[in-house]
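Data first, discussion second: the structure below is written as C-alpha cells.
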Amino acid sequence: GESVGLHLPTLSVQEGDNSIINCAYSNSASDYFIWYKQESGKGPQFIIDIRSNMDKRQGQRVTVLLNKTVKHLSLQIAATQPGDSAVYFCAEKPHGNAGNMLTFGGGTRLMVKP
Amino acid sequence: DAMVIQNPRYQVTQFGKPVTLSCSQTLNHNVMYWYQQKSSQAPKLLFHYYDKDFNNEADTPDNFQSRRPNTSFCFLDIRSPGLGDAAMYLCATSTSGWNYGYTFGSGTRLTVV
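Residue numbers (our numbering), protein chains in the order written: chain A, 1 to 114; chain B, 115 to 227.
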C-alpha cells in the first residue's frame, strides 16, 4: 500500500478566530508565490498569489505576506470558518518561462473547531 | 466551466499490471503537468509537457511515462506499478507565462494490490 508520509504540522483554531499559516521558502531566485488549499480527496485549489515586488496582497478574508529578506511567506485567514479546514501548501516559482516550475513547500493542516 | 478533468477518480490495479491515468482540459493551456502526491506530503512533479515538448524530472522513475496526443489530453502510464506507486496523481495545467499559477484536477487515487 501507500507508504506512510510525514506528519503534517497542524494548526487548530476556533471558528471565528484568525489563522496564520507560515511557510519558509528556499530559492532566493523565486519571484512568484502561491498559496493552495487542498481538501481531503481533492486537488489543490488556488487561493491567492503574490509577486516578489510586493510584500502584501489581500483577497477576500485572506492576506498573503512576503518577507524576502528571510524568505518567509504567510497566509492569514480572517474569521476562520469550518469550511476553511484543509491542508494549505505554499508554492514558489523562479522567474522566466524556462523555469516555469512550481515547487511546493510542506503543507500545514488547518483544523477549525466549531 | 473551463476545467481540468481527471479520470478515473479511483483506480485499483494489480502489482505489475500496466495502468493509464487520463487528464483533459478545456482551458487551452499549453503546459500540462503530472504530480505524484503521497499521504501527508506535498505534490511532487513527475514531468511536464510544454506544448509537445516532454520534460522529465531527473528523479522520475523510468516506470512512469506520459503521452500528450493533443493540447487537451495528457496521459500518465505506469508500466509496472509497485506498491510504492500507490498515491494520488494530480494533473495540472498552466499558460507559459511566469506569473500564473496552475489549475489542478481533482486527482486520481491509485491503489496497488
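Note that CB positions come from ideal geometry on N, CA and C, so glycine has one too. As the structure is a computational prediction, the values presented were derived from the model and not from experiment.
- Minimum Cα-Cα distance from proline 114 of chain A among the listed residues A:Ile77, A:Gly16, A:Leu8 and A:Pro9 corresponds to A:Gly16.
- Using a Cβ-Cβ cut-off of 8 angstroms, glycine 215 of chain B counts as an interface residue toward chain A, since at least one Cβ of chain A sits closer than that to its own.
- Secondary structure at aspartate 55 of chain A: coil, using DSSP grouped into helix, strand and coil.
- According to the DSSP assignment, valine 227 of chain B belongs to no beta strand (DSSP E), since it is labelled neither H nor E.
- For serine 40 of chain A, no pairing in a beta bridge is given by DSSP.
- Boundaries cannot be given for leucine 197 of chain B, as no beta strand (DSSP E) includes it and DSSP labels it neither H nor E.
- What alanine 172 of chain B touches in chain A, judged by beta-carbon distance under 9 angstroms, is nothing: the nearest beta carbon there is about 12 angstroms away.
- Here the stretch 140-155 of chain B lies against the stretch 189-209 of chain B, with 3 or more beta-carbon pairs under 8 angstroms apart.
- Between lysine 42 of chain A and chain B, the shortest Cβ-Cβ separation is below 8 angstroms.
- Taking the Cα of leucine 65 of chain A as reference, the smallest distance to any Cα among A:Gly106, A:Pro94, A:Gln45 and A:Ile34 is reached at A:Ile34.
- For glutamate 171 of chain B, the number of other beta carbons within 10 angstroms of its own is below 16, and it is reported as exposed.
- Taking a C-beta distance under 8 angstroms as the contact criterion, glycine 105 of chain A and cysteine 23 of chain A qualify as a contact pair.
- Put simply, the CB of phenylalanine 218 of chain B is near chain A, with a gap under 8 angstroms to one of its CB atoms.
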